[in-house]
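Chains as they are written, first to last, in my numbering: chain A, 1 to 196; chain B, 1 to 398.
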């Protein structure tokens, strides 16, 4: 399981109602359903992913969150998830607002563009970073809104969003004092637990 | 005639007629004292009686949903694309039950049956039946078959409305509700088309206020017209273009381009009131064929049942309140080019289910065939349908 997903599950209350925006093949929701007894709904637009959700018995709605989430009522879910998708949506700030409207609390994870590898890549090569973690070229990437940990902190402050917990992980320094000291430099994945 | 029965067909099937003597109190306040239901079943009921699936038919359907009645049958049942061994409603896994609804004209008690009180045809005296009445009769059928809970109740269009009624009125008696190309209730436009169809029938001089059978005649022209109007609403603009002139031809051959989707029947215009375009003769043919086997009074009843359907009527217009007691899982599928019951109408139901905190999945299938797509082998639809029901089978056959 992706390290961010493992951390997320600790923040989900057993038996709660969870909405996963861009739920992929439904693995996370399936895990939460089996282990936390959550009542799950996933939103997805990729046909193969939707089929995978049906095969797992995970509830999935074919809906493009970039168009609208207005059909979801205020505070109708306990937790709304957006994992590794923020950078691919058309209007990240609108999505965050909508998540906070629909969910009592929200969890957002995204790749940290402020990571030292990205900085080094851009600094030495002068080109947009390409790595195993972010394998696309600038012209074909679905990731159109990259941000850093610091960027996201600023957005939360501007929007008066309460950060319940912020965790930053990478495959080397997970949980070490160093990553806590320099999250925006060492973190590969940022994980935010937020509410209004 | 099929030269051979395909391997993924349920094969030769035989309908059965079940008689019911408990009076059925209808929504209208009238009662049907006794009645017959014509049914077909495919597959085998497992020992736990947990693998039974009910198929609800739409406006023109009946109990013959799959397979052939004889080797001379030109066509299989109306939903043969979806019912059979290895098909979405897999008869190797499920015990499939289909019936002809009350008021129908394929063997169940309806306007063409003899009214025991008068000794002649019910005709226009057959009471108006609603979706709720059908579902009530389907519960009786279920009890007769000694089935406690359906693994799934499945239907498209008007059939999907019956599924919705099941989930609201008999929540503990189904595990899954599968509604395809459905709407929570008809729009004004839908009702308008139905009224044109009804007027076509009742205005036919052979209609005789619905007593045409006693007059030894039949309002064939009226039924034809009704079906022609209906048929237009089942197809999409692009489905018609495809049927009556291919885009590729239009590009390859300049003079045809202007006539794209408007193929001429004979290659030239008649400059008269003759049938000039292919689409005209196609509609005539469809109407003609339909009028040969479908009863006019049944058509009127079915369109009324459609018009009257409103699951929110007991819930002050609130659809999510209607679903409050539902406990089954829901699957809805809609088709992009369906303008009779477009995807937005399915989404109204999905949103109400989400608001009611129900277990729901929803797919919006890209398809050109319009409302009719639910009857056709649209690949993504068939795959998703199979995937969902395989999972259901794993649960109920465990």
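Each residue gets a CB set at the ideal place from its N, CA and C atoms; glycine is no exception.
Residue interval of the alpha helix (DSSP H) (run including residue i)
i, result
"residue 63 of chain A", "That residue, residue 63 of chain A, is in no alpha helix (DSSP H); it is neither H nor E in DSSP."
"residue 169 of chain B", "158-169"
"residue 231 of chain B", "220-234"
"residue 293 of chain B", "278-293"
"residue 197 of chain B", "188-202"
"residue 9 of chain B", "Note, residue 9 of chain B: premise wrong, no alpha helix (DSSP H); not H, not E."
"residue 396 of chain B", "379-396"
"residue 177 of chain B", "Where residue 177 of chain B is concerned, there is no enclosing alpha helix (DSSP H), although the beta strand (DSSP E) it sits in stretches over 176-180."
Any C-beta of chain B under 8 Å from that of residue i
i, result
"residue 181 of chain A", "no"
"residue 72 of chain A", "yes"
"residue 190 of chain A", "no"
"residue 37 of chain A", "no"
"residue 48 of chain A", "no"
"residue 185 of chain A", "no"
"residue 43 of chain A", "no"
"residue 3 of chain A", "no"
"residue 54 of chain A", "yes"
"residue 88 of chain A", "no"
"residue 176 of chain A", "no"
"residue 195 of chain A", "no"
"residue 131 of chain A", "no"
"residue 76 of chain A", "yes"
Rounded distance between the beta-carbons of residue j and residue i, thought under 8 Å
i, j, result
"residue 135 of chain B", "residue 346 of chain B", "Rounded, the Cβ-Cβ distance is 20 Å, inconsistent with contact."
"residue 105 of chain A", "residue 164 of chain A", "7 Å"
"residue 111 of chain B", "residue 126 of chain B", "4 Å"
"residue 143 of chain B", "residue 236 of chain B", "The Cβ separation is near 41 Å, so there is no contact."
"residue 88 of chain B", "residue 328 of chain B", "That pair is no contact at about 18 Å."
"residue 199 of chain A", "residue 42 of chain A", "Outside the shown range of chain A (1 to 196) lies residue 199 of chain A, about which nothing can therefore be said."
"residue 32 of chain A", "residue 44 of chain A", "In fact, because the Cβ distance is near 16 Å, the residues do not count as touching under 8 Å."
"residue 159 of chain B", "residue 56 of chain B", "4 Å"
"residue 49 of chain A", "residue 15 of chain A", "Contact flag wrong, Cβ pair sits at about 26 Å."
"residue 63 of chain B", "residue 40 of chain B", "5 Å"
"residue 151 of chain B", "residue 50 of chain B", "6 Å"
"residue 129 of chain B", "residue 102 of chain B", "5 Å"
"residue 97 of chain B", "residue 58 of chain B", "Going by Cβ atoms, the distance from residue 97 of chain B to residue 58 of chain B rounds to 16 Å, so no, they are not a contact pair."
First and last residue of the uninterrupted beta strand (DSSP E) at residue i
i, result
"residue 479 of chain B", "For chain B, the structure presents residues 1 to 398; residue 479 of chain B sits outside this window and is missing."
"residue 72 of chain B", "Element bounds for residue 72 of chain B: n/a, residue is neither H nor E."
"residue 334 of chain B", "329-335"
"residue 360 of chain B", "360-365"
"residue 110 of chain A", "103-111"
"residue 56 of chain B", "52-56"
"residue 166 of chain A", "162-169"
"residue 121 of chain B", "Residue 121 of chain B -> no beta strand (DSSP E), and no H or E assigned at all."
"residue 190 of chain A", "189-195"
is_contact[residue i, chain A] using C-beta, thresh 8 Å
i, result
"residue 120 of chain B", "no"
"residue 361 of chain B", "yes"
"residue 381 of chain B", "no"
"residue 280 of chain B", "no"
"residue 247 of chain B", "Confidence at residue 247 of chain B is low in this model, with a pLDDT of 45, below 50, so its placement is unreliable and the value that follows should be read with caution. Not one chain A Cβ lies under 8 Å of residue 247 of chain B."
"residue 398 of chain B", "no"
Candidates the options, of which the one nearest residue i by Cα
i, options, result
"residue 29 of chain B", "B/133, B/293, B/288", "B/133"
"residue 282 of chain B", "B/315, B/153, B/227", "B/227"
"residue 9 of chain B", "B/71, B/24, B/57, B/67", "B/67"
"residue 221 of chain B", "B/306, B/59, B/205", "B/205"
"residue 145 of chain A", "A/36, A/112, A/11", "A/112"
"residue 360 of chain B", "B/43, B/4, B/177, B/47", "B/177"
"residue 390 of chain B", "B/378, B/91, B/18, B/308", "B/91"
"residue 191 of chain A", "A/159, A/168, A/185", "A/168"
"residue 122 of chain B", "B/141, B/297, B/263, B/101", "B/297"
"residue 164 of chain B", "B/54, B/264, B/147", "B/54"
"residue 5 of chain B", "B/59, B/76, B/36", "B/76"
"residue 105 of chain B", "B/38, B/52, B/141", "B/38"
"residue 3 of chain A", "A/188, A/194, A/195", "A/188"
Taking only beta carbons into account, state which residues of the segment 294-323 of chain B come closer than 7 Å to chain A, listed in chain order. none
Which residues of the segment 345-359 of chain B have a Cβ closer than 8 Å to any Cβ of chain A? Give them in chain order. 347, 350, 351, 354, 355, 357, 359
Please list, in chain order, the residues of the segment 56-68 of chain A that have any C-beta partner in chain B closer than 9 Å. 56, 57, 58, 59, 60, 61, 62, 63
Contact list for the segment 7-30 of chain A against chain B, Cβ threshold 7 Å: 17
Near-chain A residues of the segment 381-396 of chain B - C-beta to any C-beta below 8 Å: 383, 384, 387, 388, 390, 391
Which residues, in order along the segment 361-378 of chain B, keep a beta-carbon less than 7 Å from a beta-carbon of chain A? 361, 362, 363, 364
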